[in-house]
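Down below is the structure, laid out as structure tokens.
Chains as they are written, first to last, in UniProt numbering: chain V, 1 to 162; chain H, 1 to 505; chain L, 1 to 110; chain R, 1 to 89; chain A, 1 to 122; chain D, 1 to 948.
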């Protein structure tokens with residue numbers, strides 16, 4: 001019974017608690033109480049929906065990664081915007097990206113990151129989780145892109161999840 | 001404020017909820033619970049009938065909000081009568097259903113009880129939009145019930161029924177919008193106050209809204225040219241459902257009786273008797289269409305579904321003429337025809353179950369078991385349905401005929417009703433003699449025996465027409481008092497002044 | 001309200017609107033489905049993000065008080081844009097939607 | 001000033017929406033249309049935010065939130081239909 | 001403004017009605033959906049149009065009529081339930097008859113024109 | 001009291017008789033006789049009153065509103081008929097004892113016979129016309145059942161239906177006639193009606209009423225041109241023919257004419273209609289009777305003829321003619337009933353009724369032959385028999401009729417001619433059956449005399465014939481006098497009932513008839529040859545054909561109108577709506593109200609244009625289903641934006657969430673459907689539909705425009721004013737939903753719940769085969785649950801639930817509430833289904849959707865019912881503010897619990913709908929569904945939920 005009272009997914013609970021504070025438009029007495037209740041209760045209900053959690057998850061590395069991605073998103077947007085407006089015809093390319101990550105969560109995060117960052121969209125993940133298919137909007141060589149993604153995103157993720 | 005007004009709504013609702021909960025419990029338990037619910041509903045309806053007998057209006061303000069702001073339930077004679085009619089029909093159909101028709105899906109009882117609740121709300125509510133909601137409840141439940149049972153024949157007629165009613169619901173909303181946009185109110189009593197005051201160009205909006213509402217009710221009642229969804233839908237439903245649906249067309253008629261004399265009645269100024277000049281010829285045309293349908297029917301079920309159409313025409317004609325006597329007569333006939341047609345639907349199911357592949361087709365077949373019982377019941381049902389003495393259908397028609405005063409309307413009404421009865425008589429005698437008497441050699445395999453429960457519920461519904469003759473005096477007194485109450489709208493308007501429960505009282 | 005804040009809000013708003021527009025232009029003018037996929041996932045998302053930020057700052061300076069719902073809007077947008085893009089790309093690849101002539105590499109359907 | 005900027009912004013977003021609708025109508029393929037409506041939904045978020053600032057009320061922001069939370073579900077459903085046919089299986 | 005609103009309702013109604021009159025279940029479902037959009041907007045209109053006056057106390061100088069909004073909300077939900085039912089019913093119809101035709105006896109269909117065979121991408 | 005008893009007794013007997021069926025024929029016959037005997041006895045005490053010209057009345061109010069009372073009246077006329085009914089009835093009961101076979105359904109027979117007796121007594125004893133009408137129609141119905149007693153005989157069934165159709169139909173005409181009379185007089189009581197004769201006859205509606213009443217009477221009494229049913233009714237067992245179709249029921253029409261004589265007779269219309277009908281019937285019946293080879297056919301047609309005679313007499317309108325008519329009623333009943341019984345005996349003993357085969361029975365059954373011959377002689381009008389007397393009176397009256405010019409010759413000639421025929425067919429009956437050589441090919445040979453007691457009824461009747469014939473004054477004089485006086489309403493005129501009135505013209509006519517008849521019979525071969533040149537008309541076949549073709553036409557008409565085309569029905573509905581709204585709207589015209597138009601801002605206008613364009617495009621592109629679906633979601637999105645634009649945040653949110661669920665649902669459905677709609681409607685029809693659509697659209701535009709520009713005040717002021725103080729919430733829309741109009745909301749979630757249950761039930765056992773690919777040549781992809789979506793869906797669920805909780809909790813004060821929250825939760829869960837699959841998700845949902853729905857409804861109801869405990873009405877809400885330490889001020893409202901119910905119901909219902917559709921996918925079927933078809937409790941699925 002006691003196990004029931006715990007936070008099965010503490011990070012999730014923390015996230016939810018923060019979300020609640022955002023939603024409730026500010027930290028106040030009432031919102032903290034309700035936020036705590038919900039942050040405890042919702043994971044209880046939903047934990048079974050999230051069965052395959054990574055063995056290792058260094059959450060403290062996440063904010064840095066997120067900031068990095070956020071920054072890249074903004075940059076990416078400018079680049080894409082420029083590309084759209086400029087009269088030059090883009091040179092798109094499908095790139096197969098060999099994955100080194102094996103945790104599905106991590107792969108999903110990587111894929112999302114790729115989708116959100118400069119000129120690339122994750123078009124597909126192979127069934128065996130070994131290859132990402134990436135569509136690059138405008139690139140010269142595939143290696144360039146693979147290199148950039150690997151160094152900039154996959155490595156931090158590997159650190160986070162391994 | 002008596003809480004009894006809640007009973008016909010809450011009892012079936014709670015029963016339905018219970019049925020969902022016990023959906024996987026053993027069948028006998030669920031049947032007992034379901035029947036108890038139906039029976040309690042009937043009991044509550046009878047209590048309300050007693051209450052309504054003193055000619056006063058009883059108001060139940062939901063949420064203790066003063067009308068016209070909150071939703072009120074209003075009990076008057078008409079509502080009480082409809083409640084008892086519905087509950088009695090429901091109980092008997094329900095009894096028939098637990099004879100085996102309820103098998104197949106676990107949702108039957110809850111859908112059935114939900115429909116009962118929807119009907120009861122529709123009869124009690126004093127709010128136009130709530131009437132819409134009630135219609136939706138009873139419709140959606142009826143859709144579900146219609147599709148109950150196996151076989152692939154019912155999905156197309158069911159689809160027609162559903163789609164048409166959805167369009168009808170849209171029209172309902174449009175007309176509510178039009179009426180609200182001018183009067184700014186939804187309470188029927190308040191509408192009765194405000195509609196006569198509408199003037200100028202706004203009048204046209206209310207008038208158009210009122211006419212659209214009439215179309216909606218006419219669709220529910222299956223008035224020509226909005227009849228055609230009915231026959232196949234009803235003919236394809238399972239027996240207790242079809243029998244219970246006998247009340248469904250009456251809901252449309254109820255809507256007309258409830259709204260038009262009150263809101264667009266004699267006091268409505270420029271809009272007095274809105275739409276009734278349309279309704280009368282259409283009612284007669286409906287009657288004729290029904291008679292043609294009955295004449296052309298090739299199965300017993302089709303025959304009875306068209307009988308339903310006939311009764312709609314017969315009912316609406318005097319209502320459209322608007323006299324108090326006519327209204328009273330229509331109400332009397334409404335009781336009679338609903339029970340009789342319901343009983344006939346059940347009976348036909350019994351016949352079908354005895355005739356193997358011949359089913360209810362009007363063709364020769366080997367002799368059925370229980371022939372005396374079934375054919376006598378059919379005889380009584382047919383006599384009452386065709387409006388021949390000595391059963392209640394005759395009295396209903398007689399009252400309707402008597403309610404007109406001489407004139408063109410009388411000639412039309414009498415001519416149509418009597419000619420209609422004549423052809424109906426031919427059709428019934430043909431159908432009955434072929435189905436029950438015209439036998440060929442052979443034996444029917446896999447006929448299921450008629451259990452006492454089935455026979456009892458069927459017999460009771462058909463027997464209602466005998467009971468109605470025995471109690472014709474009190475019943476007709478009740479219906480004429482009801483008609484008087486309906487036409488005198490002052491009482492209904494008074495419901496606006498109903499006192500609320502005060503703080504701490 | 002502080003003029004400086006006003007400038008920031010105005011700038012963010014304009015930025016957001018321009019990005020949204022650019023994303024839409026991309027959607028409209030880019031040559032094939034896969035290239036078009038880039039516009040909305042990035043430009044529009046950022047555009048709306050900028051506007052959400054502007055809104056947050058605006059309301060922070062209004063008497064009715066602050067609010068952070070905008071952050072959540074952004075979070076959800078960022079969270080959901082990739083899988084949508086992924087699903088659409090998968091659908092397009094499956095349906096063998098033609099790609100522009102100068103595309104290198106091949107899509108694969110699963 | 002902000003009032004003018006708001007007007008300009010709304011104008012730009014509306015033009016963006018029109019471009020989306022253009023793509024939606026022109027297609028030429030089903031995924032293009034899905035993409036267009038997905039983008040249109042995001043534009044709607046923008047419009048709601050802009051309207052909120054214009055009217056100086058936060059009452060509509062939750063509507064924007066709702067689009068952000070749920071809008072993609074219909075996109076996903078459509079995309080999955082196009083690819084797999086069966087959306088829930 | 002009112003004209004735009006009225007025209008929009010008109011277009012929704014017209015489109016809905018046209019679709020309702022088509023011979024297959026799918027367009028009929030679409031028609032019902034569209035008609036209900038139109039009807040909801042219409043019911044909403046019965047409380048007149050107002051900008052920035054949401055009926056939440058304390059957030060606006062004046063308030064739009066809340067009652068039609070409540071009614072429309074009810075209507076939307078009911079409409080959804082009904083649409084869902086029709087959709088499923090048409091599936092059932094499809095299962096029973098292998099065809100989503102609803103315009104009378106399938107044997108007596110009007111002859112299909114040559115456009116019927118013409119195919120275009122989705 | 002005795003009068004209602006007289007009517008009631010046979011009915012009681014009818015109910016009791018079947019109980020005696022087990023005891024055999026004798027028991028049931030005795031049991032059936034008892035009520036009749038008691039009834040007969042009950043009549044006797046009144047004789048003195050009647051003989052003095054008095055009337056016995058009994059009245060009991062039944063349905064005063066209807067003018068229908070249980071009032072009975074005994075006077076001479078009704079006594080005459082009542083005696084006929086009872087006496088002949090008793091004889092028939094006795095006779096039938098021997099006629100019926102033991103294995104037949106004697107219970108039914110006697111029951112019906114007594115029913116008939118009762119209703120016939122009802123007709124003659126009713127003092128209320130409506131009451132009489134009721135009994136009148138019962139006799140038709142019972143006659144229907146009796147004619148078809150041998151249901152296996154085709155002829156019997158057809159004859160029965162024909163009889164019912166004609167008499168029942170006539171009854172309806174009669175009903176109309178009576179109602180008109182009732183309207184003229186203002187009462188249906190016989191006394192009032194009879195007294196109001198002059199008023200009736202002067203009334204404008206008199207011809208109508210008369211015609212209708214006569215229609216009733218003529219159909220019942222088988223008058224030309226409605227005579228054809230009677231011969232076919234002879235398919236009935238002979239006791240029935242004797243009783244109903246010769247002695248009593250067919251006399252009901254005559255009784256009616258006599259009964260209403262003071263009220264209706266004495267006008268030219270009466271004279272012409274009644275007497276000419278009677279004349280035609282008299283001749284026609286007599287003529288046909290001559291040529292019938294069937295024994296009962298001959299008798300039936302002779303009955304028609306005699307009925308015509310009586311009608312003719314009544315039509316003449318003179319008082320003496322009326323006396324003659326009544327006299328003939330008695331006479332005809334006695335001799336014809338006995339003849340029928342004799343025919344029945346012959347049929348019984350020989351097995352056939354064909355006179356071409358039955359010959360020379362004198363040798364085999366002299367006793368019966370004697371009786372039959374006497375009766376037949378009476379029918380022929382041989383002196384010293386009762387038939388002669390009334391016929392003589394008839395001849396006299398026919399001479400007395402003062403028709404203008406040469407027309408005056410018509411009645412006597414017709415009368416004589418009919419007399420000739422009557423003698424001829426009577427002679428045929430006697431000679432052909434009892435003499436004329438030897439029997440040919442009898443099924444039963446040799447015939448015997450019937451049982452002793454079977455002949456007794458015949459003997460009694462024949463004896464009566466003789467008695468009346470020889471001693472008329474003693475035997476029937478007083479009764480006839482009483483009856484005549486009662487009929488005429490004044491004391492009957494002087495007349496003499498004597499065997500001989502001396503040598504006069506009537507006697508001469510009788511002689512002429514007698515010898516003419518014999519002559520005719522002797523020359524019968526020629527007449528037969530003449531008659532055979534005409535094709536025999538089989539009325540039954542014609543009737544069947546007419547009914548059949550009517551049915552066929554009706555069926556065709558029905559099939560053509562109710563043709564199963566949904567589109568036609570929808571069109572009719574829409575066109576009806578347009579039609580009724582057209583008039584007021586066209587009167588109003590394009591109307592801009594006093595508020596005028598507000599200025600347009602162009603972004604709204606642009607988006608409005610997009611909305612309009614998408615709506616029209618959806619309609620235009622509907623054949624490409626997926627495209628149409630995308631377009632309609634644009635419409636939905638823009639509708640939501642419209643709500644934002646015009647101050648309805650709650651609506652926006654609801655619209656958006658419903659939109660998502662709808663799209664998913666439609667996608668689910670589209671999987672199984674063709675992705676393409678072929679063009680099926682013709683160009684013309686499309687143009688027509690466009691026209692209708694355009695009309696509908698422009699109508700709505702005009703109305704909306706008119707509405708939007710009108711000034712307006714509504715009950716909403718109250719809601720705004722009381723929302724906070726009375727409902728405890730700032731969001732007025734939400735307070736209306738959960739409080740002011742919470743009942744609507746309860747109904748609404750019920751609708752959702754019912755829809756979900758209905759969908760679940762409907763899809764049970766439904767299997768659908770989806771198309772193998774998308775129709776463009778692509779098979780569906782194999783991969784079902786893409787990694788990326790799956791991974792993103794995981795964190796989405798708790799986050800969305802958080803949002804949902806937020807929207808739920810703030811609903812009362814800010815836009816939001818249970819509905820929207822419920823839909824968000826549902827969508828979040830649907831995402832799980834889409835991303836991770838059906839069974840995966842299903843395993844992780846802790847609660848059955850059924851139970852969730854039920855719980856939601858229960859919450860809502862119980863919250864509402866909670867207020868009952870405090871004496872407040874259902875759904876009365878309450879709220880309060882609690883100040884907790886640290887937490888601060890907290891509002892607690894009962895409406896929140898109500899909203900929780902809404903939330904649960906919405907989640908449960910929405911998911912149940914979508915999941916039910918998802919379940920039919922062949923991919924989902926791998927996992928066993930909780931068995932829905934077995935009826936025993938399925939407890940495993942309840943406990944089997946995995947919680948990881």
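Heads up, the beta-carbon is just placed ideally off N, CA and C, and yes, glycines get one too. Nothing here was measured: the structure is a model prediction, and the numbers come from that model.
Pick from the options that is closest to residue i, judged by C-alpha positions
i	options	result
residue 598/D	774/D, 479/D, 709/D	709/D
residue 302/D	139/D, 518/D, 283/D	283/D
residue 48/D	58/D, 721/D, 75/D	75/D
Closer than 8 angstroms to chain D by CB, residue i
i	result
residue 49/V	yes
residue 156/V	no
residue 12/A	yes
Expected contact under 8 angstroms - CB spacing of residue i and residue j to nearest Å
i	j	result
residue 79/L	residue 65/R	Not confirmed; about 13 angstroms, so no contact.
residue 192/H	residue 67/H	The pair is not a contact, with the Cβ atoms about 12 angstroms apart (cut-off 8 angstroms).
Where residue i sits in the DSSP three-state scheme
i	result
residue 52/D	coil
residue 93/V	strand
residue 769/D	coil
Any C-beta of chain V under 8 angstroms from that of residue i
i	result
residue 72/L	yes
residue 723/D	no
Chain A within 8 angstroms of residue i, Cβ atoms only
i	result
residue 409/H	no
residue 812/D	no
CB contact check: residue i to chain R, cutoff 8 angstroms
i	result
residue 95/A	no
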